[in-house]
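Enquirer: I am attaching a structure below and will ask some questions about it afterwards.
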(Lines of atoms letter the chains of each structure in order from A; the text may use other names.)
(Lines give C-alpha, C1' and ligand atoms only; values in the text may rest on other atoms or scores of the structure.)
Protein backbone atom coordinates (compact mmCIF):
# COMPACT_ATOMS: atom_id res chain seq x y z
CA UNK A 119 0.00 0.00 0.00
CA UNK A 120 1.21 3.50 -0.82
CA UNK A 121 -0.08 7.03 -1.18
CA UNK A 122 -0.25 8.20 -4.78
CA UNK A 123 0.17 11.97 -4.84
CA UNK A 124 -2.22 13.50 -7.33
CA UNK A 125 -0.48 15.32 -10.19
CA UNK A 126 -2.33 18.55 -9.39
CA UNK A 127 -0.88 18.70 -5.86
CA UNK A 128 2.25 20.82 -6.04
CA UNK A 129 5.00 19.92 -3.57
CA UNK A 130 6.69 23.30 -3.42
CA UNK A 131 7.81 23.50 0.20
CA UNK A 132 8.68 21.54 3.32
CA UNK A 133 5.16 22.29 4.58
CA UNK A 134 3.73 20.55 1.52
CA UNK A 135 5.97 17.56 2.28
CA UNK A 136 4.67 17.54 5.87
CA UNK A 137 1.10 17.41 4.55
CA UNK A 138 2.05 14.29 2.61
CA UNK A 139 3.69 12.81 5.72
CA UNK A 140 0.43 13.38 7.61
CA UNK A 141 -1.60 11.83 4.79
CA UNK A 142 0.70 8.80 4.76
CA UNK A 143 0.17 8.47 8.51
CA UNK A 144 -3.60 8.70 8.13
CA UNK A 145 -3.41 6.07 5.40
CA UNK A 146 -1.26 3.73 7.49
CA UNK A 147 1.68 3.64 5.10
CA UNK A 148 5.23 4.97 4.83
CA UNK A 149 5.36 4.72 1.06
CA UNK A 150 4.70 7.62 -1.27
CA UNK A 151 4.53 7.94 -5.06
CA UNK A 152 4.87 11.33 -6.72
CA UNK A 153 4.84 12.39 -10.34
CA UNK A 154 6.99 15.02 -12.04
CA UNK A 155 3.93 17.25 -12.48
CA UNK A 156 3.77 17.62 -8.68
CA UNK A 157 7.32 18.96 -8.50
CA UNK A 158 8.12 22.59 -9.35
CA UNK A 159 11.08 23.55 -11.53
CA UNK A 160 13.01 24.54 -8.38
CA UNK A 161 13.00 20.91 -7.27
CA UNK A 162 15.22 20.00 -10.23
CA UNK A 163 17.64 22.88 -9.52
CA UNK A 164 19.78 21.71 -6.62
CA UNK A 165 20.97 25.26 -5.98
CA UNK A 166 17.46 26.05 -4.72
CA UNK A 167 17.89 23.38 -1.99
CA UNK A 168 14.20 22.49 -2.37
CA UNK A 169 14.83 18.86 -3.32
CA UNK A 170 17.26 18.37 -0.46
CA UNK A 171 14.95 19.96 2.10
CA UNK A 172 11.92 17.95 0.98
CA UNK A 173 13.82 14.67 0.80
CA UNK A 174 15.33 15.28 4.25
CA UNK A 175 11.91 15.99 5.71
CA UNK A 176 10.48 12.78 4.24
CA UNK A 177 13.52 10.82 5.39
CA UNK A 178 13.15 12.16 8.94
CA UNK A 179 9.65 10.68 9.03
CA UNK A 180 10.86 7.46 7.37
CA UNK A 181 8.76 7.97 4.25
CA UNK A 182 9.96 5.93 1.27
CA UNK A 183 9.53 7.97 -1.89
CA UNK A 184 9.30 6.84 -5.50
CA UNK A 185 9.16 9.59 -8.11
CA UNK A 186 8.09 9.13 -11.71
CA UNK A 187 10.21 11.60 -13.63
CA UNK A 188 10.83 11.33 -17.37
CA UNK A 189 14.48 11.33 -18.51
CA UNK A 190 14.19 14.77 -20.11
CA UNK A 191 13.31 16.27 -16.71
CA UNK A 192 16.12 14.42 -14.94
CA UNK A 193 18.50 15.99 -17.43
CA UNK A 194 22.27 15.66 -17.40
CA UNK A 195 23.38 18.09 -14.67
CA UNK A 196 23.64 17.97 -10.91
CA UNK A 197 20.10 16.67 -10.47
CA UNK A 198 20.89 13.65 -12.64
CA UNK A 199 23.97 13.00 -10.51
CA UNK A 200 21.81 13.11 -7.39
CA UNK A 201 19.36 10.67 -8.98
CA UNK A 202 22.17 8.22 -9.79
CA UNK A 203 23.30 8.37 -6.17
CA UNK A 204 19.87 8.13 -4.53
CA UNK A 205 18.76 5.29 -6.81
CA UNK A 206 21.29 3.12 -4.99
CA UNK A 207 19.49 3.64 -1.68
CA UNK A 208 16.21 2.54 -0.18
CA UNK A 209 14.60 5.89 0.71
CA UNK A 210 14.19 7.71 -2.61
CA UNK A 211 14.32 6.49 -6.17
CA UNK A 212 13.41 7.95 -9.54
CA UNK A 213 11.70 5.88 -12.21
CA UNK A 214 10.75 6.46 -15.84
CA UNK A 215 7.39 4.72 -15.50
CA UNK A 216 4.70 4.44 -12.88
CA UNK A 217 4.72 0.64 -13.19
CA UNK A 218 8.41 0.47 -12.25
CA UNK A 219 7.84 2.80 -9.30
CA UNK A 220 4.90 0.73 -8.05
CA UNK A 221 6.92 -2.50 -8.32
CA UNK A 222 9.72 -0.98 -6.26
CA UNK A 223 7.36 0.46 -3.63
CA UNK A 224 5.71 -2.95 -3.33
CA UNK A 225 9.07 -4.62 -2.73
CA UNK A 226 10.45 -2.35 0.02
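Numbering (the working numbering), first residue to last: 119 to 226.
Ideal Cβ positions, reconstructed from N, Cα and C, are used throughout, including at glycine.
Quantities reported herein were computed from a predicted structural model and do not represent experimental measurements.
Starting from residue 153, follow its DSSP beta bridges and name the residues at the other end.
Expert: Partner(s): 186.
Enquirer: Mind checking who residue 121 pairs with in its DSSP beta bridge?
Expert: DSSP, once it has assigned bridges, lists 150 as partnering residue 121.
Enquirer: For residue 224, is the classification buried or exposed, using 16 other Cβ atoms within 10 angstroms of its Cβ as the cut-off for buried?
Expert: Residue 224 comes out exposed.
Enquirer: Please state whether the Cβ-Cβ distance between residue 156 and residue 182 is less than 7 Å.
Expert: Cβ atoms of residue 156 and residue 182: not closer than 7 Å.
Enquirer: Can you give the Cα-Cα distance for residue 158 and residue 210, rounded to whole angstroms?
Expert: Looking at the two C-alpha atoms, the distance is approximately 17 Å.
Enquirer: Considering only residues of the stretch 162-223, which uninterrupted alpha helix (DSSP H) runs meet the minimum length of 4 residues and lie entirely inside it, listed in chain order?
Expert: List check, alpha helix (DSSP H) in window: 168-178, 189-192 and 196-204.
Enquirer: In or out: residue 196 buried (at least 16 other Cβ within 10 Å) or exposed?
Expert: That one is exposed.
Enquirer: If you draw a straight line from the alpha carbon of residue 192 to that of residue 120, how long is it in whole angstroms?
Expert: Each residue's alpha carbon lies about 23 Å from the other.
Enquirer: What residue range is occupied by the uninterrupted alpha helix (DSSP H) comprising residue 226?
Expert: Careful: residue 226 lies outside any alpha helix (DSSP H) and carries neither H nor E.
Enquirer: Determine the contact status of residue 137 and residue 171, defining contact as a CB-CB distance below 7 Å.
Expert: No, these two residues do not count as a Cβ contact at 7 Å.
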